[in-house]
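Working notes, beginning with the structure itself.
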Amino acid sequence: MNLGEMLAGKRVLVTGASSGLGENFARLAAGCGAKLVIAARRKERLDALADGLVRLGSPQVSVVAMDVASEASIEEAFAAIDASGEMLDVVVNNAGIGTVSPALATPTRDFDSVMTTNVRGVWLVAVQAARRWKEAGRGGSIINIASIQGERVRPGIAPYSTSKAAVIHMTRSLALEWARYGIRVNAIEPGYIGTEMTEGIGDTEHGRALIDRIPMRRLGTPEELNGLLLLLATEAGSWMTGACVPVDGGHLCASL
Numbered sequence: 095m096n097l098g099e100m101l102a103g104k105r106v107l108v109t110g111a112s113s114g115l116g117e118n119f120a121r122l123a124a125g126c127g128a129k130l131v132i133a134a135r136r137k138e139r140l141d142a143l144a145d146g147l148v149r150l151g152s153p154q155v156s157v158v159a160m161d162v163a164s165e166a167s168i169e170e171a172f173a174a175i176d177a178s179g180e181m182l183d184v185v186v187n188n189a190g191i192g193t194v195s196p197a198l199a200t201p202t203r204d205f206d207s208v209m210t211t212n213v214r215g216v217w218l219v220a221v222q223a224a225r226r227w228k229e230a231g232r233g234g235s236i237i238n239i240a241s242i243q244g245e246r247v248r249p250g251i252a253p254y255s256t257s258k259a260a261v262i263h264m265t266r267s268l269a270l271e272w273a274r275y276g277i278r279v280n281a282i283e284p285g286y287i288g289t290e291m292t293e294g295i296g297d298t299e300h301g302r303a304l305i306d307r308i309p310m311r312r313l314g315t316p317e318e319l320n321g322l323l324l325l326l327a328t329e330a331g332s333w334m335t336g337a338c339v340p341v342d343g344g345h346l347c348a349s350l
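Just so you know, the sequence shown maps onto residues 95 to 350 in the working numbering.
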């Protein structure tokens, strides 16, 4: 049995599924036969994604509106998920935002917004899922989407780097606390991936210089995260918890 087959029939929640990596993870789970729940603020994009997946032969797709910056919104989304009578098996904690500006020019509200979404939102979603699994006496898998920016830094994105470092440490802390309940918590640390957010990066001198610093000399693709996600989501990774794994073309290995 391959990793994709091991995900078949599992109920999988993907947050931030309206674009980018979240949309890719949603397509992956649906293609593997998972019972998919997609969540984000932009419900119209979720509806369009769900319609497309159903047309491709994935009938088990449901949509919930969720703003991870709002605890009430998260609680309402989980209540809607509960209403189906079937528990989640996997949570892909993907929703996140970023800002680009020098630290001295970054308004406090922008810092707060990044931390609220990228740290507090990840915490709240993880706790909602883990509480249900613990009360039911069963395990589950939480996969937080962090970043290599949580390990190394570059100028202009201090709030984002700070938030992803917090997600990495949170992942390890929650893994330690919840291992006894059979709840696994791991993180993927993507490097620079070709998505809507990085479109056109190779068209600028700065962007080309950044790509040249990646040992593999190219951006990654969202699909190149899929193998690790399947490992962490399935019983193939049943003894993995607290792992924070970079997928970055060797970027973290690059010399300073």
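Built from N, CA and C at the ideal position, the CB exists for glycine as well.
Alpha carbon to alpha carbon, what distance is there between residue j and residue i?
i: residue 207; j: residue 253; result: 9 Å
i: residue 146; j: residue 292; result: 24 Å
i: residue 117; j: residue 222; result: 22 Å
i: residue 138; j: residue 144; result: 10 Å
i: residue 186; j: residue 148; result: 20 Å
i: residue 86; j: residue 227; result: Look at the range of the chain in this structure, 95 to 350, and you will see that residue 86 is not part of it.
i: residue 102; j: residue 199; result: 48 Å
i: residue 334; j: residue 152; result: 29 Å
i: residue 180; j: residue 246; result: 40 Å
i: residue 123; j: residue 214; result: 25 Å
i: residue 237; j: residue 278; result: 8 Å
i: residue 168; j: residue 205; result: 21 Å
i: residue 266; j: residue 95; result: 29 Å
i: residue 331; j: residue 346; result: 23 Å
For my contact list, residue i and residue j are in at a C-beta cut-off of 8 Å; report their separation, rounded to the angstrom.
i: residue 276; j: residue 233; result: 3 Å
i: residue 314; j: residue 341; result: 7 Å
i: residue 235; j: residue 184; result: 5 Å
i: residue 272; j: residue 230; result: Not quite, the Cβ-Cβ distance comes to about 13 Å (not below 8 Å), so this is no contact.
i: residue 312; j: residue 343; result: 7 Å
Going by other Cβ atoms of all chains shown within 10 Å of its Cβ, with 16 needed for buried, is residue i buried or exposed?
i: residue 126; result: buried
i: residue 310; result: exposed
i: residue 160; result: buried
i: residue 109; result: buried
i: residue 218; result: buried
i: residue 298; result: exposed
i: residue 202; result: exposed
i: residue 274; result: exposed
Determine the closest residue to residue i out of the options, with distance taken between C-alpha atoms.
i: residue 258; options: 240, 120 and 265; result: 240
i: residue 120; options: 346, 324 and 332; result: 324
i: residue 284; options: 294, 308, 269 and 271; result: 308
i: residue 162; options: 282, 286 and 189; result: 189
i: residue 172; options: 220, 212 and 129; result: 220
i: residue 209; options: 261, 194, 177 and 242; result: 261
i: residue 318; options: 287, 131, 95 and 195; result: 287
i: residue 281; options: 345, 327, 306 and 251; result: 327
i: residue 212; options: 196, 191 and 197; result: 191
In chain order, each beta strand (DSSP E) run of at least 3 residues that lies wholly inside the stretch 262-291: As for any beta strand (DSSP E) of minimum length 3 sitting wholly inside the stretch 262-291, the runs are 277-284, ordered along the chain.
Complete alpha helix (DSSP H) runs within the stretch 181-254 (minimum length 4 residues, chain order): 202-209 and 215-230
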